[in-house]
Structures are given as structure tokens and as C-alpha cells.
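Structure first, then comments.
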Amino acid sequence: MTKLSAVVCAFVLCLPSSVTAQNSVYGIRGLGFPGQPISVRSRALGGGWAMFDNFSSVNPATTASFASLSVSAMYGTTVRNYSIDTTSVAGLVETRFPHTMLGGNIGGTPFSFAASLSTYAERSFDVTTVGTGMVQGNPVQVEDRVASDGGIVDLRGSVGWRVKSNFLLGAGFHVINGSSRITASRDFIDSQLRTFNVDTDLSFEGIGLSAGVLWRTSNSRIQLSLAGRWDDNLESSLESETTTDVDLPASVSGGVSFRLTNRVRWSTSGTWRKWSVASAELAAGLVANPVRAFDTWQVGTGIELADLETRFPLRLGARYSTLPFGVSEQPNEFVISAGTGSRFAAGRAQIDLAVERLMRQGAGATERGWHFTVGITVTP
Amino acid sequence: MRAPTISRDIFATRAIVASACALFVALACEESITAPGVCPDFCPEAFIEVLDTTLTSSVERDSAFSGYAHAVDGFRMQVTGRDADIESRGIVRFLTLPDSILIGSATRPIVSVDSYTVRVELRRRNLATPGLEVLVHRIPGSIDTNTTFDDLTPYFEDSTIIGRITVDDTVALDSLFITLPPNAFPNLETDNFVTGIGLSVRGSTPTFASFGTTEGGFATVLTRYVQVDSANGELIAHSDVRGADFDTFLREEAVVPAGDILVVGGTPASRSLLRLSIPPAILDSSEIVGAMLYLVPIAPSLGAPGDSFRVQVDALSADFGPKSPLVASGGGLDSASLLPGVLVAVGSMDTVALDITDLMRVWQADSSRPQSVMIRITPADEGAILAQLFVGSSRSPGATPLLTITYVPPFRFEGE
Numbered sequence: 001m002t003k004l005s006a007v008v009c010a011f012v013l014c015l016p017s018s019v020t021a022q023n024s025v026y027g028i029r030g031l032g033f034p035g036q037p038i039s040v041r042s043r044a045l046g047g048g049w050a051m052f053d054n055f056s057s058v059n060p061a062t063t064a065s066f067a068s069l070s071v072s073a074m075y076g077t078t079v080r081n082y083s084i085d086t087t088s089v090a091g092l093v094e095t096r097f098p099h100t101m102l103g104g105n106i107g108g109t110p111f112s113f114a115a116s117l118s119t120y121a122e123r124s125f126d127v128t129t130v131g132t133g134m135v136q137g138n139p140v141q142v143e144d145r146v147a148s149d150g151g152i153v154d155l156r157g158s159v160g161w162r163v164k165s166n167f168l169l170g171a172g173f174h175v176i177n178g179s180s181r182i183t184a185s186r187d188f189i190d191s192q193l194r195t196f197n198v199d200t201d202l203s204f205e206g207i208g209l210s211a212g213v214l215w216r217t218s219n220s221r222i223q224l225s226l227a228g229r230w231d232d233n234l235e236s237s238l239e240s241e242t243t244t245d246v247d248l249p250a251s252v253s254g255g256v257s258f259r260l261t262n263r264v265r266w267s268t269s270g271t272w273r274k275w276s277v278a279s280a281e282l283a284a285g286l287v288a289n290p291v292r293a294f295d296t297w298q299v300g301t302g303i304e305l306a307d308l309e310t311r312f313p314l315r316l317g318a319r320y321s322t323l324p325f326g327v328s329e330q331p332n333e334f335v336i337s338a339g340t341g342s343r344f345a346a347g348r349a350q351i352d353l354a355v356e357r358l359m360r361q362g363a364g365a366t367e368r369g370w371h372f373t374v375g376i377t378v379t380p
Numbered sequence: 001m002r003a004p005t006i007s008r009d010i011f012a013t014r015a016i017v018a019s020a021c022a023l024f025v026a027l028a029c030e031e032s033i034t035a036p037g038v039c040p041d042f043c044p045e046a047f048i049e050v051l052d053t054t055l056t057s058s059v060e061r062d063s064a065f066s067g068y069a070h071a072v073d074g075f076r077m078q079v080t081g082r083d084a085d086i087e088s089r090g091i092v093r094f095l096t097l098p099d100s101i102l103i104g105s106a107t108r109p110i111v112s113v114d115s116y117t118v119r120v121e122l123r124r125r126n127l128a129t130p131g132l133e134v135l136v137h138r139i140p141g142s143i144d145t146n147t148t149f150d151d152l153t154p155y156f157e158d159s160t161i162i163g164r165i166t167v168d169d170t171v172a173l174d175s176l177f178i179t180l181p182p183n184a185f186p187n188l189e190t191d192n193f194v195t196g197i198g199l200s201v202r203g204s205t206p207t208f209a210s211f212g213t214t215e216g217g218f219a220t221v222l223t224r225y226v227q228v229d230s231a232n233g234e235l236i237a238h239s240d241v242r243g244a245d246f247d248t249f250l251r252e253e254a255v256v257p258a259g260d261i262l263v264v265g266g267t268p269a270s271r272s273l274l275r276l277s278i279p280p281a282i283l284d285s286s287e288i289v290g291a292m293l294y295l296v297p298i299a300p301s302l303g304a305p306g307d308s309f310r311v312q313v314d315a316l317s318a319d320f321g322p323k324s325p326l327v328a329s330g331g332g333l334d335s336a337s338l339l340p341g342v343l344v345a346v347g348s349m350d351t352v353a354l355d356i357t358d359l360m361r362v363w364q365a366d367s368s369r370p371q372s373v374m375i376r377i378t379p380a381d382e383g384a385i386l387a388q389l390f391v392g393s394s395r396s397p398g399a400t401p402l403l404t405i406t407y408v409p410p411f412r413f414e415g416e
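Which chain is which? The protein sequence lines are V and H, in order.
The opening residue of the first sequence carries number 1 in the numbering used here; numbering runs sequentially from there.
The opening residue of the second sequence carries number 1 in the numbering used here; numbering runs sequentially from there.
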């Protein structure tokens, strides 16, 4: 078995059935909760390393960093709780596969390629409400359940060009698709009316382009990067019938990284997304209480303590984000993270671990949680 | 020779990998995302819209048909007293009694009759009326399906009473044993040993009682106790039992409403066929959560005093008019299309509301099924009770059948 076929097999085996990330109470409205297309290492570093990380899908220029064929996959579990007014919910647990990456060099040329599958927006929730409806002029107590299982995924194919040893360019093509299985039911309590139940599939399609650049000093002590991304409309179809087009945001990302000492590297990345373009379409058709889409900022920073001799590097990070969807005001998220990793199998494989403390708030709600991720990278 | 040792670093790596895997497997074993919604800000904008519509002209080409079950075919015979709005009488003819008794290998003559016992199966009564008394009358053994109510009126006088029993006020289901005197059937020989009895009831107020029949598996039984002359001149006691070979009940004619109306029940039993026209917009593209067919009485329902009866709606597996095969009669449809029906009290003028939701859902799933229904009383009661319902037809001004449908139009989700 050749090296390439082994990696492709490993990549296919790693392809998850559900490529979605952790959910949130802030993902019930709008398109869902935005995913983080970044590796476990970058997660542990608060996303600060994402603009320089060839195993993350933020900057296509990092594709040029693939010197040999590699595949990575990650697996994450979220434990969270939230409170809104007098309602408190605890013990919510989800397990997802948020990011998978395959990359390699093209035959000893300065060009490399990569393909990744990551969460664009997570749309899994299961919400029940009890209220009163009117039937034939009489009030009837009803229990409604609306559940969505699935999400929007981002399949990126990218090419990187190592123009010089310290200057990388890259471009990516994104296919955005996915689906969510929506279940809606209404039970008429103490009534002879039958239960209403409907299952339907909401599917999504869209495309996007991205490009990036990465420059580093000759000794790699300082790195700078810049990336931009443009996404077309997201077409959503209910039972194969096109229902609406939602404009997806353009985004601009930048990053800076310093190797402070031989053992310490500090990295910071930031992204701005013009999510407000989706507002009009999301509100269309709603007679009341339309969801709003806000432009978002995300800034992450992290510090890694490691050198070549260190088997278990220590990674610490923090990330602040504003979130795109809300009714009354824009929510935000603050994440503190930590992690480590280790090579094994004669250096051909690596395991990375990260734990994130999630703190989200805004629009009258607070959400707290833990996100545990483990990633495996194989370089045959 | 020492076993190979694992380096500390390799051991540590393996331990971390194993620990991480164990942690994630433990966490991943649970998936819990169900939570109460906090609306409107944190609820999905899913529009479950419930609509109602009342269709006043959805019933068309409706008709009533009679003759589905006759009293002689009934599983019970319903008997009311003289003071009831409709008087009805039970009549029973027994199998021929023998004129002699076979003892050993010899046939011996009957010397005398000691007594008779009639066992009547009480299947239902009005417990609200105390003091139920069941009376046994002597009637001709020549009764048959041509015998009318009026034919037997002379035989239901007090002078023809040959036995009676007072039923405990708490008993509604029991075997009643009524002893008749030896001379209960004085014309036994001239009647060729065929006996007949009539059953009537009395109560503190108008009441009724339903008795078992041969068709229902609870036939009335006559036992004769006799003295037989044995071969050596001694008299020996003997009994012989005869079941009914004909039993039914006869009712007086009642004044029924005239006009082009729908009728259900009675004897012989009537049914009403209704053909419905459901708007395709509802049937084809919505989910029906409730459908009620309302029948508006144009006169109080008739029947035994204090009785009630169940009116039900049956789906048709094919619409051939009055002889359409019903689903309940083995029309080949699934049990989901069998509907429970509704209880109606005798004398009631209340609107009869029949739930046909499940039936409408069957029609939604299979458009080839006829959108027609047959209204009738419970099959076990057809031909067995007096109850009769009179409701307006599609041609009855102010009393046309109504159809109310509660439905959810196509589901809409956020952004749709």
C-alpha cells in the first residue's frame, strides 16, 4: 500500500457521519451556531494559532506548509448549561466531529494541497414548550416540540504555494452544504385532537472562495498572516423545494505570531465577518420576532510552551467572540482554553487534547459549558 | 533473562492516550440536547399553525336505508312495559316437548306434570328504575315471523300471566329462573306439545329489560318436571329441557318524523349513508388533527325508557350505495379506520358529534378510498333494541350535517 493510499484510507475512515461542532442556546435562532474550523492545537491556543496552522481551515496559505501527506481528525464533546430568566437547564451533552483535514505536498513542488471538512454552523437542538392554543374558539393546552438534527458543513479544497521559504500563498474553494432533520410536533393536552407531527429535511447549498498569505522572518521568530473569504448565497431547500437564499458573510482574518524564546510562542488571530448581510433574508416570512444577524468579531490569543525536546507542550489560550444571531441584542462568547499533545508511533502520529471553558452571554441568557476535544494526526 | 521494559516516555504517552480515549468514550456515551424553550427569543421560529374550518355543505347525496337487521335476528330482545312510549314484548317458542319419556329401552307415558321452569337470561336493564318485575305470559305455540304486535295483544293481559319474578334492584346481568304451575300450558296436546311464552316487564316507572336470544347465544330454556309411570307401576320423577327454536320481540308502531331525513337504528335497523366532499386543499396538503361530523336531531331519539345507545360511523371499502361493504364488516382496511362512536340517550335532542379524524387521515393516505361513511348503531345492537335516531339530511334546512376540520397547514420554518 502506498503512502498516499494509506493516508486517503485513513482520511476516509476518519470522515465522520456528523461533521458538526458544539451547540449553544444561541444556535437555535438564525442559521445556527458558527463552527470553528480549527485544529485541536489551535483550540487549546484560543484560536490564536489558527492563522498559521496548516491543520486549521482559516488561512489557505497554510496549505503550503504541508511538506508530506498528513491526515487529522478531531472529536469533541460539549457539556453545558444555560439560564434564561427563571429557566435553568443543565446537563446538556453533545458529541460531534468538528474538523477533519487531509493535506500533502504535490510531488516535491512548491505546491501543496489540502481538503478539509468542518462545521460552518451547528443546527442541532430539541426544544419543547407548553402553551395555550385556540381550537374552534376554545383554549387548548398544547405542548410543542421542535427539534433539529444536523448542521451546515464547509468542505474546503485548497492549494498552497511556497513562493519562498518564508512567504506562502494559498487559495481555497468552499462547498457549503449539509442538512438538518427537522421534527415538529404538537400535542393537544386533554383534548381528543390527534398529535401533529412532521419530519422534514432542510438542506443547504452554497459555495465560497478564500485566499491568504503568510510571511515569516527567516528564523520564523515572527509570523504575519492575512486571509479573506467570500461566500455566496446559502440556498436552503425544504423537501427539495427551494425556500430561501441567505447571503453569507464575507470575512477578513489576520494574525501575528512571535516566538518569544526557544520554548515560548505567542500567537494571536482575529476575524471579522459581515454576518449582517443575512439579516434581511432570515427575517423574511416572519410575522413577529424576527432574528437579527450582527457583524461579528473574533479575537483569539494563545501561548505555547514547548521545544523539540518537550513531549507534552503546554498550551494556554483565550478567545473572545461576538455571536451573529440574536433577537434583541448581540450575544458574545468568552473562552479560556488549555491543552497539550504528544507524538508517538516513532513520530508518525500525534495526539492533541484541548479543554475549553465556554462562557456565553447576552440577549437575556447566560450559558456556561466545557468543550473537550481530542485530535489524532497521522503522517505515514 | 529479563523481560523487555517499556520506556517511561512511551508508557506515559500510552497512558495519556488511553486516559483521553476513556474520557471521551465516557462523555460521548451520552447525548442530551432536549431542553425547555424560552420563547420567543430562544425558540425556533417554527410555525405550527392550527386552523379550523366548518363545512356546511360537505355532505352530499346522503340517504337512509332500512332493513339491515330485523328483531328476529337480534342478539337480544328488548322488552318494555305498557307505560313506555314504545311498548315491546318478547316472545319465545320452544322446541316440541315429548308426550312420553324413554326410560331404559321402553317408552313410558307421562302421568302428571309437576311444574315448569323458564330460565331467562337478563342481559341489560335500566338500573335507575327499581322494582323490575318480569312477567311470563302464555301465548300460542303457533307464533312465527308473521306474528305481529297486535296479533298477540290479547295474550299479554294479566289473565295470561303464568309466572313472574321480581329482579333484585342491583342485578343487571343474571339468569332468571321463573317457576310456572303445572297447568301453565293447558292446551299442550292440542298444540302438538309446542309451547310459547311471552315476556313483559313492569317497574316503578317506565323501564325496560333486554333478554338473551338464540342468536346471541343466551336462549331462553323451558324445563318440564313430570311424573312417569315406570314399568313396575311406581311413579318416578323426570325432567326434560327444551330450548327456544324461535325468539324475538314485537314492538308497537311509533310515530316517526316525516320528511327527507336520516334515520339510524330501530327495527328493522336503519343506516344512513353520507358522502363527503373534503376540500382538496385540506386533504392533500395539510395534516388533519381533528375532524368532527355533527348530526343535528330533528326529533327526540326513540327507544326504551332510560336506555342509551351508541351511534358509530363506519368507513366504506367501496361505495356501492346501501349495500356498500363496511370496513368493520371485513372491508379490508386497517383497524385505524374503525371509529369508536358516541353514546346517545333515548329522548335526547343533543347534536351527535362523531369523531372521524382517523378516517380522514386514512383518506389522506389513500385517495382511492371512497369518502363516504355509513352511520349506524353498534352492530351488536342492530335489530336488538328499539333505539332510533332521526337527524337532518343535507336537504333539511337548519339541520344539515356539519363537518368541522381542525388541521395544520404545511409546516413553515425560520427563513422559509
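All residues carry an ideal CB built from backbone N, CA and C; glycine is no exception.
Taking C-alpha positions only, Phe390 (chain H) is separated from Gln312 (chain H) by approximately 14 Å.
With distances taken between CA atoms, Met101 (chain V) lies nearest to V:Ile38 out of V:Val252, V:Ala211, V:Ile38.
DSSP places Gln364 (chain H) in the uninterrupted alpha helix (DSSP H) bounded by 357-365.
Beta bridge pairing from DSSP links Gln361 (chain V) with V:Asn332, V:Thr366. Of the candidates H:Leu95, H:His70, H:Gln78, H:Thr267, the residue whose Cα lies closest to the Cα of Phe246 (chain H) is H:Leu95. Only those residues of the region 198-225 of chain V whose C-beta falls short of 7 Å from the nearest C-beta of chain H are listed: Val198, Thr200, Leu202. Here Val72 (chain H) carries a helix assignment [DSSP, helix/strand/coil].
Cβ neighbours of Ser203 (chain V) within its own chain (closer than 6 Å, five residues either side excluded): Ser179, Ser237.
Closest by C-alpha distance to Gly347 (chain H), out of H:Pro305, H:Ala315, H:Ser317, is H:Pro305. Along the region 328-349 of chain V, going in chain order, the ones with a CB nearer than 7 Å to a CB of chain H are Ser328, Ser342, Phe344. Shown here, Trp230 (chain V) sits in a strand according to DSSP, grouped into three states. A direct Cα-to-Cα measurement between Gly35 (chain V) and Arg123 (chain V) gives close to 10 Å. For a Cβ distance threshold of 7 Å, nothing in chain H lies close to Arg292 (chain V): the least Cβ distance comes to about 11 Å. Boundaries of the beta strand (DSSP E) harbouring Leu176 (chain H): 174-180, taken from the DSSP string.
Judged by their CB atoms, Asp247 (chain V) and Ala278 (chain V) are nearer to each other than the 8 Å cut-off.
Here Trp297 (chain V) is exposed, its C-beta having fewer than 16 other C-beta atoms within 10 Å.
Contact annotation: in the region 35-50 of chain H, residues whose CB is within less than 8 Å of a CB in chain V are Ala35, Pro36, Gly37, Val38, Cys39, Pro40, Asp41, Phe42, Cys43, Pro44, Glu45, Ala46, Ile48, Val50.
Here Met74 (chain V) is bridged, per DSSP, to V:Gly375.
Among the CB atoms of chain V, none fall inside 8 Å of the CB of Gly341 (chain H). The region 61-79 of chain H makes contact with the region 263-274 of chain H; the number of CB pairs closer than 8 Å reaches 3 or more. Around Leu305 (chain V), no beta-carbon contact reaches into chain H at under 8 Å, the shortest distance being about 17 Å.
By the neighbour-count definition (other C-beta atoms within 10 Å, threshold 16), Ser57 (chain H) is an exposed residue. Residue-level contact check: Glu235 (chain V) does not touch chain H, since none of the beta carbons of chain H fall below 8 Å from its beta carbon. Take the alpha-carbon of Ile303 (chain V) and the one of Trp266 (chain V): they are about 4 Å apart. Distance from Val72 (chain H) to Thr145 (chain H) at the Cβ level is roughly 6 Å; contact confirmed, criterion being Cβ atoms closer than 8 Å.
In the displayed model, Asn126 (chain H) falls within coil according to three-state DSSP, outside both helix and strand.
For Asp307 (chain V), there is no enclosing alpha helix (DSSP H), as DSSP gives it neither H nor E. Here DSSP, grouped into helix, strand and coil, assigns Glu157 (chain H) to coil. At a cut-off of 8 Å, the C-beta of Glu94 (chain V) has a neighbouring C-beta in chain H. Taking every protein chain shown into account, the CB of Gly347 (chain V) has fewer than 16 other CB atoms within 10 angstroms, so this residue is exposed. Arg124 (chain H) is not a Cβ neighbour of Leu132 (chain H), given a cutoff of 8 Å. Going by DSSP, Ser88 (chain V) is part of the beta strand (DSSP E) stretching over 87-96. Of all residues in the region 177-193 of chain V, only Ile182, Ala184, Ser185, Arg186, Phe188, Ser191, Gln192, Leu193 place a beta-carbon less than 9 Å from a beta-carbon of chain H.
Exclusion of the five residues before and after Val40 (chain V) leaves Met74, Asp352, Ala354, Thr373, Gly375 as the residues of its chain whose Cβ lies within less than 6 Å of its Cβ. Val296 (chain H) is outside the set of residues whose beta carbon lies under 8 Å from a beta carbon in chain V. The Cβ atoms of Leu274 (chain H) and Gln388 (chain H) do not sit closer than 8 Å to each other.
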